[in-house]
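Working notes, structure below.
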Amino acid sequence: MVAILTNPSLPIAIALTLSVTYVFPFSLIKADHNGGFSVELIHRDSPMSPLHNPSETYVQRVTNALQRSINRVSLSRSTNLFPSNNPESTIVSDKGEYLMKISIGTPPVEILGVADTASDLIWIQCMPCSSCYKQKAPLFDPKNSNTYKEVSCTSSQCQSASGTSCSEDICHYKRFYRDRSYSNGIISNETVTFNSTSLDRPVSLPQIIIGCGHNNSGLFNEDGSGMIGLGRGSMSLISQMDSSIDGKFSYCLVPAFSKLNSSSKMSFGNNAVVSGAMVVSTPLLSGDLKSFYFLTLEAMSVGRKRLQYKQYTDAVGYRKGKYHMNKAIRSKPARDARRYLSLCYKTKSAIKAPTITAHFTGADVKLKVLNTFLRVSMDVVCFAFRPITQGNAVFGNMAQANLLIGYDLKQETLSFKPTDCTKN
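Residues in the sequence shown are numbered consecutively from 1, following the working numbering.
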C-alpha cells in the first residue's frame, strides 16, 4: 500500500507482495500461446482467504498491513543478514499480501502459495521433511505423484539456475530470505495445474521446475504451503511458461480493503493483453536485483505541479510534495497515532485531494485517492507515501489498485489501464 518515491537516477521496482506502497476433480488441457487463461489472486485480508481474521477490525487490518509493508521495505534494504555466497531472494514475510491456488502433481494436490513477483522459484513443503514449519494441509508426497521427477546435476536446468548445488547427482536448492526464513530441498520436474476462472476446465503445464522443500523454516503461515515465484529468474513460473503465454501476463487488483466480496485476477497469454483507450506503456528495465521488474520514474505531479526529482534529494522532493498536497487539501491536519505515515488529515468523510500522477518513461499514470490515501482510523486519513533515502523504490499494491497492469516480456514493456477490477 505505500508508494515510495525515487530519484530518477534509480529505478523503481514494481512488486506484487508489497501491498503497503506502494491466490474437485480435474480434467486437464495443455496451455498454448494461442489461448489464455485467468486465475484468482486472493488478498490475505479477504473473507475468501484462510488468513482472514474475522475478529479484526478495519483499523487493525490497516495497521497490520502498514507494519508488514514497512518491515519488508526495511529488511529488503539490509544486505548483511547472510553471507554473500548464499543465494538470497527478496524479503517475503509469512503474511504475503496475495495468495494463489495451484495444484501440483498427478493426481493433482492443491496448494495455497504466496504469489510473489520478486521471487524466482515455485517451492512447496514436501515429504519426507527433516524440518518444516507447521502447515495445516498435508505435505506434498512426491511418491504419490506419477509425474514427479528429480532433476539431475548434469541437466541444463540445474546448471543454468542460480542458488543450486549437487549431491549424488541430484540438484538441490537453497533459498534464504532477509527475514531469516529459508527453504532447502530438491529441484524437480512436476505438472502444475491452474483452476482457470476463464475456462470451463483447468489448465495443465507439464515439466515445470519446482523446489520440493525438505527443510523449511521461518515466518511462513501455517495456512500456506509455499511460494509461487513470478519474478524474472529462469526458474520462476513466468519464465517457464514464457513460450506458452507468449511472454504476457497481467493482473487487476481489487482495492485491498474493499467491502465488496470479489477477488483480484491474474491472466496469462492472450487473456493478458492490455489494449484499448487510455492504455499507457513504459519500458521494463533490468536492475541490481535480478528477480525484480524495474521501471524508471522520472517525476511525480501533485495536481498540476510537477516535481522533477533530479532537482532534489528524495527527502527534499518528498517534502515539496507534502507542501503542495497541504496547499490543496482543506481538511484539518492530524497525526497517525502509530506514526507510520506522516501526512494525515482529520475527516470522517471521503477526503478531497488532488490527483497524483506518476510520470514513468513514456507513461503518465494517474493515481486516484484510493491509490494515494489510506484511512488509518475512523476519523483520520493519511497520504500513503513514504520517502526513501537509498536503494530502489517500490511501486506497490495500493498504488496499483484498479489498474489493469500488463507485462509483455517479449517487448519488454509494462502497460497500465484504468479499470474497475471488481468487474474485470
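Glycine residues also receive a C-beta, built at the ideal position from the N, C-alpha and C atoms. Note that the structure is a prediction, hence the values are computed from the model and not measured.
Are the CB atoms of alanine 363 and phenylalanine 416 within a distance shorter than 8 Å? yes
Count Cβ pairs between the segment 142 to 154 and the segment 227 to 243 that sit closer than 8 Å; are there 3 or more? no
Measure the alpha-carbon distance for alanine 328 versus glycine 211 and round it to whole angstroms. 51 Å
Is the segment 214 to 231 touching the segment 352 to 370 in the sense that three or more CB pairs, one from each, lie closer than 8 Å? no
What number of angstroms, rounded off, separates the C-alpha of valine 369 from the C-alpha of leucine 297? 20 Å
Looking at the structure shown, is glutamine 135 part of a helix, part of a strand, or coil, going by DSSP? If DSSP states are grouped into helix, strand and coil, glutamine 135 belongs with coil.
Considering only DSSP beta bridges, list what lysine 149 is partnered with. Asn189
How would you label glycine 276, buried or exposed, when you count the other beta carbons within 10 angstroms and need 16 or more for buried? exposed
Taking its Cβ as the centre, do 16 or more other Cβ atoms sit within 10 Å of tyrosine 340, making it buried, or is it exposed? buried
Enclosing alpha helix (DSSP H) for asparagine 215 [first to last residue]: No alpha helix (DSSP H) contains asparagine 215, which is instead part of the beta strand (DSSP E) from 203 to 217.
First through last residue of the alpha helix (DSSP H) which encompasses isoleucine 238: 237 to 240
Where does threonine 422 fall in DSSP's three states? coil
Check each candidate in Ser188, Thr117, Val114 and Lys136 and name the one with the smallest Cα separation from proline 142. When each option's Cα is compared against that of proline 142, the closest is Ser188.
Other residues of its chain near aspartate 169: CB distance less than 6 Å, five sequence neighbours each side excluded: Ser152 and Cys153
Who are the near neighbours of leucine 367 in its chain, counting only those whose CB is closer than 8 Å to its CB and skipping five residues on each side? Hits under 8 Å: Ala3, Thr355, Ile356, Thr357, Ala358 and Ala399.
Applying the 10 Å Cβ sphere with the 16-neighbour rule, what's the burial state of glutamine 308? exposed
Going by beta-carbon coordinates alone, are serine 377 and valine 59 separated by less than 8 Å? Contact flag set, yes.
Quick one: what's got a C-beta closer than 7 Å to glutamine 207's C-beta in the same chain, skipping five residues either side? Asn189
Given proline 50, which residues of its chain have a CB within under 6 Å of its CB, disregarding the five upstream and five downstream residues? Asp223
Helix, strand or coil at lysine 327 according to DSSP, with G and I counted as helix: Three-state DSSP puts lysine 327 in a helix.
When the Cβ atoms of the segment 402 to 417 are set against those of the segment 280 to 287, are three or more pairs found closer than 8 Å? yes
Looking at C-alpha atoms only, which residue of Leu205, Val381 and Pro387 is the closest neighbour of threonine 106? Residue Leu205 is the option with its Cα nearest to threonine 106.
In angstroms, rounded to a whole number, what distance separates the CA positions of arginine 375 and glutamate 56? 16 Å
Contact set for asparagine 34: own chain, Cβ-Cβ below 6 Å, skip 5 residues either direction: Bear in mind that the predicted position of asparagine 34 carries a pLDDT of just 44, short of 50, making it unreliable; the figure below should be weighed with that in mind. Cβ neighbours of asparagine 34 beyond the five flanking positions: none.
Would isoleucine 42 pass as a contact of leucine 121 if the rule is Cβ separation under 8 Å? no
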